[in-house]
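Worksheet for the structure shown next.
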Ligand code: COA
């Protein structure tokens, strides 16, 4: 499939999904969100792909937010629809994606950009990256999950401060807060993030998918994450990946997981 606003680069079992609107600092308009959704469906259906890395085109921005020019004239209903459809198509979709998704934050991650990174399963950043939720400076609030995921990642008080001040934090502070797991030199960001992805590729995707579901269940108010974990743990014993993983360990060889 051909895209106008994103690109997909398949590198072995790892896919680099890039937001590619550098002249607008990769701001997310509806078309880009739709294309990211389509691209993710493509990667979910591609059995050769095991890990997805999302990053931004150019050296300046990951994503500088939702496209302000697109929603400046929206009505109340249009605003609600923008948030609801974006959350469903992209942000919740990524959080519940059946394969690991890592955001490699290569510059500004603001508003919808930070929300996109926070929907990923975890994040790396380049030293020049800057992150923030500046929405209240525009008279609006985060609408792509930011009011929920930022407190989950950095704690309620720090999230409140970041949202209320609308200020950006640098990569080293994001690391200190646990918002990003690693900070790399800009030129090493993708290679070093790929090195983490390669470690993940050694493991069972069937088991990883179940672990994603169990972890996420803990953040859904009407689900009991412990129950989901018990069930998924038990189900794992019925998978070919479990048989292969345990046999490989007992026979002192590398596992070749069949369930992919
Ligand atoms: N929506 C739409 N366009 C955006 C954008 C956004 N969120 N962020 C940047 N752009 C566009 C700018 O309008 C500009 O386009 P132009 O050249 O056609 O005028 C281009 O990207 C470059 O941005 P510019 O502001 O000139 O770069 P800068 O280096 O001076 O500043 C930022 C960089 C990130 C500080 C600044 O672009 C910014 O504050 N962006 C908005 C961030 C924001 O509030 N995001 C949350 C939205 S809810």
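Residue numbers (our numbering): 9 to 268. Cβ atoms here follow ideal geometry from the backbone N, Cα and C, with glycine treated the same way. Bear in mind that the values here come from a model prediction, so they are computed numbers and not experimental data.
Quiz item: Does the stretch 55 to 71 come within contact of the stretch 97 to 107, defined as at least 3 CB pairs closer than 8 Å?
Solution: Taking 8 Å as the limit for Cβ pairs, the verdict is that the stretch 97 to 107 does touch the stretch 55 to 71.
Quiz item: How is residue 17 classed by DSSP in three states: helix, strand or coil?
Solution: In the chain shown, the residue the question calls residue 17 occupies position 9. It is a strand residue.
Practice problem: Please name the residue, chosen from 127, 134, 82, that lies closest to residue 68 on a Cα-to-Cα basis. | Solution: On the chain shown, position 60 is the one that residue 68 refers to. Nearest option by C-alpha distance: 134.
Exercise. Would you be able to state if there are at least three C-beta pairs under 8 Å between the stretch 205 to 215 and the stretch 167 to 182?
Key: Result no; under three Cβ-Cβ pairs closer than 8 Å.
Exercise. Grab me the residues of residue 19's own chain with a C-beta within less than 8 Å of its C-beta, minus the 5 sequence neighbours each way, in chain order.
Key: On the chain shown, position 11 is the one that residue 19 refers to. The beta carbon of residue 19 is closer than 8 Å to those of 202 in its chain, skipping five residues each way along the sequence.
Self-check item: Residue from 84, 164, 156, 136 whose Cα sits closest to the Cα of residue 116
Solution: Position 108 of the chain shown holds residue 116. Its Cα nearest to that of residue 116, the residue 136 stands out among 84, 164, 156, 136.
Practice problem: Give the DSSP bridge partners of residue 26, in chain order. | Solution: What you label residue 26 is simply residue 18 of the chain shown in a count that begins at 1. Answer by DSSP bridge pairing, in chain order: 15, 63.
Quiz prompt | Residues near residue 128 by beta carbon distance below 7 Å, same chain, minus five either side | solution = Along the chain shown, read from residue 1 onward, the residue named residue 128 stands at position 120. Hits under 7 Å: 62, 102, 109, 110, 111.
Self-check item: Of the residues 214, 36, 222, the one placed nearest residue 252, counting alpha carbons only
Solution: Translated into positions along the chain shown, residue 252 becomes position 244. Closest by alpha carbon: 214.
Self-check item: Own chain residues within Cβ distance below 7 Å of residue 82, not counting five before or after
Solution: The sequence position of residue 82 within the chain shown is 74, counting from 1. Closer than 7 Å at Cβ, skipping near neighbours: 90.
Exercise. Would you check if the distance between the CB atom of residue 175 and the CB atom of residue 140 is smaller than 8 Å?
Key: Here residue 175 corresponds to residue number 167 of the chain shown, with the count starting at 1. Here residue 140 corresponds to residue number 132 of the chain shown, with the count starting at 1. Contact: yes.
Practice problem: Return the chain-ordered list of same chain residues with a C-beta closer than 7 Å to the C-beta of residue 266, the five sequence neighbours on each side being excluded. | Solution: What you label residue 266 is simply residue 258 of the chain shown in a count that begins at 1. Taken in chain order, the residues that qualify are 248, 249, 252.
Self-check item: Enclosing alpha helix (DSSP H) for residue 45 [first to last residue]
Solution: By 1-based counting over the chain shown, the position of residue 45 is 37. Here the alpha helix (DSSP H) through residue 45 covers 38 to 53.
Quiz item: Less than 7 Å between the CB of residue 77 and some heavy atom of the ligand COA, yes or no?
Solution: Reading the chain shown from its first residue, position 69 is the one you call residue 77. Because some heavy atom of the ligand COA lies under 7 Å away, the Cβ of residue 77 counts as near it: yes.
Quiz prompt | Inter-residue Cα distance where the pair is residue 38 and residue 95 | solution = One-based indexing of the chain shown puts residue 38 at position 30. One-based indexing of the chain shown puts residue 95 at position 87. Cα to Cα, the separation comes out at about 12 Å.
Practice problem: Taking only heavy atoms of the ligand COA into account, decide whether any of them is closer than 7 Å to the Cβ of residue 47. | Solution: Your numbering for residue 47 matches position 39 in the chain shown. For the ligand COA, not one heavy atom lies less than 7 Å from the Cβ of residue 47.
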